[in-house]
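Reviewing the structure listed below.
Residue numbers (our numbering): 2 to 618.
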């Protein structure tokens, strides 16, 4: 009866272990399936021999172990089921990201609104999104104004204002107003699709520490089989009666309790949770190797423009002279600069538009590259230019020199404004520093990083920015092609270098660095060359990425230690080391339950990473 009940368990439920062991045996390899197959197979075959050929065994040795074989397979499969359910939680980030994609989109074709499946949206389609709806694909706002909740993509909790010309991302939620936008990226090209692909690739990749665990597991299984055979031999040689019963129990128990399931799960589960947690925080990790390497970094190189600074010039000071109002000074300056493609001119025009100033009609215009511009407004000649040009034209700057020196020391570019031969004032312009840059750099230092800054700006501007944000060292007037050489220089000095940048000119340096970190607000080329992409484009995400790496590696080491400790303790007990002292011999079924629980424990420990919170939060 026991034979008939156990055989289906062995043939159907247990077949996966035996087929897996056989495939590896043909290539002279072994894994955890080998241990389970040998252990349960030995118990089943011995029992079958006792059942059908009892006459070859002495009366005291006619014991059967069908229950042992059946319960071991049941417990291991039950443990795998629990493990599988726990592992599903590690990929919650992927499921959440996929759920962001709406199924339908409202497009305007031939003047009519049509609701179509998202798969039918085409590039250049005009898409309408009403309040409360999800943005279906990536595009550029054509009409309307709204605020969009981008938290699910960037991790940024505050809704972002969207006006004509701004970019919207598929999967984000339109909050207040209706907008129409032109579809630019659809299907696999959308930001959301690329995020999902990167997270999937990262969760499927192997970190160097995992490859080490795989190598250890490859040697571990043959060693365990040898130990089990030695245990069998010792019990048969010197064990108490019934010797064969004790020997078989010890043999099977050693094989079962040593099964390195937990060892195999120690790294990948932590990697899956870590990369998923990164995605939730707007940090896309390209592969597990980058996640592991990030915790080893001890130097961070920051590009200035677009990383420490916003990358957008802005009017910071308006200093009016000779009884002219600030708004009037800004108005006449913007009237000359209107239509200018120069970043400084664009900044002046933007500042005037923000104040709703009505610009005057420009009658005549002359640009002098590297010096300034001259034009006529009504019957007045207006000049805008730099300090050296005004000095060459014999303007008396003695009174303004202290102000110009101060502005220059603050890293600002000064534009002098004159009407005829009278200086009317100064407009100072700067690439403004991101509000979180100083705090992020401070956090990086607390993590043990030495922080460097690279910039193409002159020495004075670079020094002003460096002092304001608190970097350790800076290099000014660095040409784009030189950036990678600075990374190499630090690596030769023994630093493990992380490079943070956002532009095409940063791509070689990002690729050269031990870990390249691209700002999500930057170019596609920079993001392709990087190992980590910061979706929200904030420098404050860099210390978060490093802290996440540290937490993940710490979790992996806990799992590996637990796995090795478990096996180191379990194998001697299974072999019967306690029997001479306490008369205790571990039951194979208890060993199977303990082995299954060790796997569940490892996965559960990995899931603790889901509670990860950056130190700055």
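Think of the CB as a built atom: it goes at the ideal place given N, C-alpha and C, for glycine as much as any other residue. Just so it is clear, the structure is predicted and the values come from calculations on it, not from any experiment.
Exclusion of the five residues before and after residue 365 leaves 376, 377 as the residues of its chain whose Cβ lies within less than 7 Å of its Cβ. Between residue 178 and residue 132, the C-beta gap is smaller than 9 Å, which places the two residues in contact.
Check the Cα spacing between residue 242 and each of 255, 411, 580: the tightest is with 580. At a Cβ-Cβ threshold of 9 Å, residue 124 and residue 108 do not count as neighbours.
In this structure, DSSP gives residue 170 a state outside helix and strand, which the three-state scheme calls coil.
Taking residue 461 as the centre and dropping the five residues before and after it, the same chain places the C-beta of 409, 410, 412 closer than 8 Å to its C-beta, in chain order. Linking residue 559 to residue 40 through their CA atoms gives a straight-line distance of about 29 Å.
In the structure shown, residue 453 adopts extended strand secondary structure according to DSSP, grouped into three states.
If the five residues before and after residue 356 are omitted, its C-beta is found closer than 8 Å to the C-beta atoms of 328, 331, all from its own chain and listed in chain order. Per DSSP, residue 148 is one residue of the beta strand (DSSP E) stretching across 147-150. In the three-state reduction of the DSSP assignment, residue 24 falls in the helix class, which pools H, G and I. For residue 46 and residue 564, the gap between their C-alpha atoms comes out near 30 Å.
Residue state for residue 303 is assigned as strand, using DSSP reduced to three classes. Per DSSP, residue 181 is one residue of the beta strand (DSSP E) stretching across 180-186. Cβ atoms of residue 295 and residue 472 stay farther apart than 8 Å, at about 19 Å. At a Cβ-Cβ threshold of 9 Å, residue 456 and residue 487 do not count as neighbours. In this structure the region 295-312 does not touch the region 392-399; the number of beta carbon pairs closer than 8 Å is below three. For residue 313, the three-state secondary structure derived from DSSP is strand. The beta carbon of residue 151 lies closer than 7 Å to those of 157, 161, 170, 173 in the same chain, with the five residues before and after it left out. The beta carbon of residue 315 is closer than 8 Å to those of 348, 351, 352, 430, 431, 432, 433 in its chain, skipping five residues each way along the sequence. In this structure, 603 is the residue among 603, 577, 193, 591 with its C-alpha nearest to the C-alpha of residue 557. By alpha-carbon distance to residue 613, the top candidate from 427, 550, 440 is 550. If you draw a straight line from the Cα of residue 368 to the Cα of residue 346, it is about 12 Å long. Three or more beta-carbon pairs drawn from the region 538-553 and the region 272-289 are found closer than 8 Å, and the two stretches are therefore classed as touching.
The region 232-251 makes no contact with the region 268-276: fewer than 3 CB pairs, one atom from each, lie closer than 8 Å. Contact between residue 126 and residue 191 is ruled out by a C-beta separation of about 13 Å, above the 8 Å threshold. Close CB contacts of residue 71 within its chain, under the 6 Å cut and outside five residues either way in sequence, are with 7, 10 (chain order).
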